[in-house]
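Student:
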Amino acid sequence: MLTLGRFLQKMNEYDKAEHYYRLLMTQPKIDYYLVSLLFMNIGTLFDKKRAIQMTLNDLPSSLENYEKAISFASEHLPKVHLLLIGIYNNFASALSMIEDRVKALEYFQTTFDIQAQFYCSSTEHLDLPVTLNNIGLMYYKIKQYQNALEYFGNTTLEDF
Numbered sequence: 001m002l003t004l005g006r007f008l009q010k011m012n013e014y015d016k017a018e019h020y021y022r023l024l025m026t027q028p029k030i031d032y033y034l035v036s037l038l039f040m041n042i043g044t045l046f047d048k049k050r051a052i053q054m055t056l057n058d059l060p061s062s063l064e065n066y067e068k069a070i071s072f073a074s075e076h077l078p079k080v081h082l083l084l085i086g087i088y089n090n091f092a093s094a095l096s097m098i099e100d101r102v103k104a105l106e107y108f109q110t111t112f113d114i115q116a117q118f119y120c121s122s123t124e125h126l127d128l129p130v131t132l133n134n135i136g137l138m139y140y141k142i143k144q145y146q147n148a149l150e151y152f153g154n155t156t157l158e159d160f
């Protein structure tokens, strides 16, 4: 069902994809990793739905599902896990869309902290400078220009 949901999501059949994701959540003996992944996928499909419809009506649903994903993942996954990176980053991006920049900044920083630990063996991972750029952008938008410059200055791979 997960593969079917992803396939439907790629075909822009968001309501059908959500149906299968939620159906999968009702299965007995579902593990916490999968529940976290499903909530993240539902949040992502609401983001995509919103982008296509050019409306903010679904953003609260995106945020709600990302919060559920964070709750499940935080309780049941190791503190340094690839799925957490995606969940926190997507949540931060959604928060920045509603202009909750301080909270978005907090979650982008959490994303970076986990990335730095997760990718510790690979100092040239491309996600690190992207996240630093996102942090810099949030500082810029809250008019903390000096902090923004520091983060923008650290977005090249040579700095790692």
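All residue numbers for the sequence shown refer to the UniProt record's numbering, where the first residue is 1 and numbers rise by one.
Ideal Cβ positions, reconstructed from N, Cα and C, are used throughout, including at glycine.
In this text the structure is predicted, and so the values were computed from the model without any measurement.
Compare the Cα-Cα distances from F91 to each of E64, L24, T3, Y32 and report the closest residue.
Tutor: Considering only alpha carbons, the answer is E64.
Student: What's the C-alpha gap between S61 and A104?
Tutor: Whole-angstrom Cα-Cα distance: 17 Å.
Student: If you check the beta carbons only, do Y32 and L82 fall under 9 Å apart?
Tutor: No, Cβ-Cβ distance for Y32 and L82 is not below 9 Å.
Student: Checking 9 Å against the spacing of the C-beta atoms, do Y21 and L45 come in under that value?
Tutor: Contact: yes.
Student: Just to confirm, are V35 and F72 a CB contact at a threshold of 9 Å?
Tutor: Yes, they are a contact pair.
Student: May I ask you to report which of helix, strand or coil DSSP gives T55?
Tutor: Confidence is the limiting factor: at T55 the pLDDT is only 49, short of 50, which leaves the residue's position unreliable and the question unanswerable from this model.
Student: For D127, which residues in the same chain have their Cβ closer than 6 Å to its Cβ, ignoring the five residues on either side in sequence?
Tutor: Closer than 6 Å at the Cβ level, and outside the excluded window around D127, lie Q115.
Student: For a test of the three-state rule: what should DSSP assign to M11, helix, strand or coil?
Tutor: Of the three classes helix, strand and coil, the one that applies to M11 here is coil, per DSSP.
Student: Nearest by alpha-carbon distance to Q27: which of L2, N12, N41, E13 is it?
Tutor: The residue with the shortest Cα to Cα distance from Q27 is L2.
Student: Residues in the same chain with beta-carbon distance under 7 Å from Q109, minus the five sequence neighbours each way, listed in chain order, please.
Tutor: These residues qualify, in order along the chain: I135.
Student: Excluding the 5 residues flanking D159 on each side, which residues of the same chain have their C-beta closer than 7 Å to its C-beta?
Tutor: Because D159 sits at a pLDDT of 49, beneath the cut-off of 50, its placement in the model cannot be relied upon, and the following sentence gives the value as read from the coordinates. Answer for D159: no residue qualifies.
Student: Assuming the contact rule is C-beta atoms closer than 8 Å, T111 and N147 should be a hit. Round their C-beta distance to whole Å, please.
Tutor: That belief does not hold up - the Cβ atoms of T111 and N147 are roughly 17 Å apart, past 8 Å.
Student: Ordered along the chain, which non-local residues of its own chain (more than five positions away) have a Cβ less than 8 Å from that of K48?
Tutor: Cβ within range, chain order: Q9, N12, Y14.
Student: Could you check if I98 belongs to the surroundings of the ligand COA, using beta carbon to heavy atom distance under 8 Å?
Tutor: In the structure shown, the ligand COA is absent, as is every other ligand, since no ligand is present at all.
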